[in-house]
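For any residue, its number in the working numbering is found by taking its place in the sequence shown, counting from 1, and adding 670.
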Amino acid sequence: MQITMIGSGYVGLVSGACFSEFGHTVVCVDKDPAKIEALEAGRMPIYEPGLDALVARNVEAGRLRFTTDLPSAVPGSDAVFIAVGTPSRRGDGHADLTYVFAAAREVADVLQGYALVVTKSTVPVGTGTRVREIVGSRLKEIGSDARFDVASNPEFLREGSAIDDFMRPNRVVVGAETEEARTVMHRLYRPLSLRETPMLVTSIETAELIKYAANAFLATKITFINEMADLCEQAGADVQDLARGIGLDQRIGPKFLHPGPGYGGSCFPKDTRALLATADQYRVKLGIVGAAATANEQRKHAMAERIVAACGGSVVGKTVAVLGLTFKPNTDDMRESPSLDIIPALQRAGATIRAYDPQGMAEAARLLNDVTFCGDAYDAMDGADAVAIVTEWNQFRALDLERAKGLLRTPVMVDLRNIYRPEELDGSGFTYHSIGRGHLK
Ligand SMILES: NC(=O)c1ccc[n+]([C@@H]2O[C@H](COP(=O)([O-])OP(=O)(O)OC[C@H]3O[C@@H](n4cnc5c(N)ncnc54)[C@H](O)[C@@H]3O)[C@@H](O)[C@H]2O)c1
């Protein structure tokens, strides 16, 4: 089948490359010429493990190409996916649908024959109807006899394991309302149905809401374990054991029970805000999601205070080494990363920051001021008064503690991801602080 993917970011590029791996012919479109130029030259505009090889293989096979020219891509497509950004609108938390609607208009201008217009971006309930209106009225305006349906196909891939998530999803959610639309979606995902991946076909509205409900639930689960961690600290309990104790209950499950500095990234913060805005619009109270979002914001600031406390109550004139800047490992995505709150809070408190991240430093340099970006973890610790682990990149899991101690002015470690066990640090000379394990040392 022929696919046009509008938007070649984290979702569009991975989805487009994976669809081409399924055997479909895919054109990935982006309005950012630098992104397309890089892709045409074989350079990935994002860091995602395995993506370069996947793209190279399918470009080579002639199933995948890149362009800024939408009119050259859409005609002849069986499906046109919209995978553009839906950031938070300033002020009210609603999803900004400007890019989605602009893409819908652009598609209508060049549509020929029949195509299914599929929204893959995360969009509020009701967006599919708006997209149908936009495309329909534009076709009428220009006197086009092209036919189309709309569908919703929210994406659940996670950055860092995006290819595997797309290729082996827990489920595919499709909102479609005509037989023709359902047939196109089934054909597109046929390789997954051979692997018995459940495809859940719902109304468009339900599919749109499933995506937000899933993210809000996961964000709530993270917030829940973070609050339990706070309680463990005060009550002398261990949150790691607690998480295991509840996670072994199959009704709860072990995933997303890792305490840390609060959720961040390109999805959970904006999607919880957008869901709350939608609920407001329908005059429905989503108290649990609201509480999770508020607690998460407060948590990021509390983490900076925790680092200050570990430095003896003041960081004035002190240097803190920050290991990890991205919101999670195996991505270069800095969007709403906790480090973007923690570092400025430490700076306001008087600290100087030396930071290292394996993939996020180029983007971090655009978002943070007065940070010294270092060549590796040891370089960051050189002359610092404390080290804070903010993102759990694998390379931070087995630091040479002797070497680290020799570099730090005072051997203080604040492990916001619990990647070490307190007993591993026993006798190392480090003062070790972690999340949710007994009393705050
Ligand atoms: N990043 C994730 O992990 C993830 C996971 C699931 C769902 N989503 C959702 O997928 C959507 C896209 O997210 P992303 O992280 O890939 O965003 P992104 O910012 O990485 O990519 C969006 C791309 O769309 C391009 N674009 C915008 N308007 C365009 C137009 N009219 N024509 C062509 N290109 C256009 C931009 O230049 C950009 O490259 C969002 O709604 C997001 O919530 C993201």
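Cβ coordinates follow ideal geometry from the N, Cα and C atoms, glycine included.
The structure displayed is predicted, hence computed values, not measured ones.
Three-state class that DSSP yields for L956 in the structure shown:
coil
Could you tell me if the beta carbon of D700 falls within a distance shorter than 6 angstroms of some heavy atom in ligand 1?
yes
Exposure label - K955; buried when at least 16 CB within 10 Å:
exposed
Answer yes or no: the CB of T942 versus the heavy atoms of ligand 1, is any distance below 6 angstroms?
no
Around the C-beta of P741, are 16 or more other C-beta atoms found within 10 angstroms, so that it is buried, or is it exposed?
exposed
G763 versus D739, P794, M855 and T695, residue with shortest Cα-Cα distance
P794
Hey, out of A905, M1051 and Q968, whose CA is closest to R1107's CA?
A905
Just to check, is the beta-carbon of C1145 closer than 6 angstroms to a non-hydrogen atom of ligand 1?
Lying before the first or after the last residue shown, residue 1145 is absent from the chain, which here runs from 671 to 1111.
Does DSSP put L945 in a helix, in a strand, or in coil?
helix
Can you round the beta-carbon distance between A753 and V842 to whole angstroms, since I take them to be within the 8 angstroms contact cut?
With 8 angstroms as the limit, A753 and V842 do not qualify as a contact, their Cβ atoms being about 15 angstroms apart.
Unbroken alpha helix (DSSP H) run spanning V805, endpoints
T797 to I812
Looking only at C-alpha atoms, which of L781, V801 and G761 sits nearest to A772?
V801
What residues in its chain sit with their C-beta under 8 angstroms from that of A726, if we drop five residues either side in the sequence?
G712
Give every residue of the same chain whose Cβ lies closer than 6 angstroms to the Cβ of L1110, excluding the five residues on either side of it in the sequence, and list them in chain order.
Any answer about L1110 is weak, because its pLDDT of 45 lies below 50 and its placement is not dependable; what the coordinates show is given next. So the list reads E903, once near-sequence residues are dropped.
Would the region 1015-1022 and the region 936-946 be scored as touching if the rule is three or more Cβ pairs under 8 angstroms?
no
Keeping to the same chain, check which residues put their C-beta closer than 6 angstroms to that of F938; ignore five residues upstream and five downstream.
N885 and A889
What number of angstroms, rounded off, separates the C-alpha of K998 from the C-alpha of G935?
8 angstroms
Leaving aside the five residues before and after T1042 along the sequence, list all residues of the same chain whose C-beta is less than 6 angstroms from its C-beta, in chain order.
R1024
D622 to L767, Cα distance in whole Å?
Since the first residue of the chain shown is 671 and the last is 1111, residue 622 is not available in this structure.
Does DSSP put H1103 in a helix, a strand or coil?
strand
Quick check: is any heavy atom of ligand 1 less than 6 angstroms from the C-beta of Y680?
yes
What are the residues that DSSP puts in a beta bridge with A821?
V788 and A846
For ligand 1, is there a heavy atom less than 6 angstroms away from the beta-carbon of G755?
yes
Taking buried to mean at least 16 other C-beta atoms within 10 Å of its own C-beta, is Y784 buried or exposed?
exposed
Just to confirm my understanding: we take D1055, look at its own chain, exclude 5 residues before and 5 after, and list those with CB closer than 8 angstroms. What are they?
C981, V985, K988, T989, V990, L1078, R1079, T1080 and V1082
Inter-residue Cα distance where the pair is L1086 and G830:
20 angstroms
Tell me whether E707, by its Cβ, gets closer than 6 angstroms to a heavy atom of ligand 1.
no
Ligand 1 heavy atom lying under 6 angstroms from the CB of S791
yes
Below 7 angstroms between beta carbons: does that hold for K759 and R808?
Reading off the sequence, residue 759 comes out as Arg, not Lys. For R759 and R808, no; Cβs fall outside 7 angstroms.
Pull up the distance between the alpha-carbon of Y1102 and that of M671, whole angstroms please.
56 angstroms
For T996, three-class secondary structure by DSSP:
coil
Between the beta-carbon of N1088 and the beta-carbon of R969, is there less than 7 angstroms?
no
Taking C-beta to C-beta, are K790 and F818 nearer than 7 angstroms?
no
Three-state secondary structure assigned by DSSP to A765
strand
Beta-bridge pairing of V990 - partner residues as DSSP gives them
I1023 and A1056
Secondary structure at G686, three-state DSSP: helix, strand or coil?
helix
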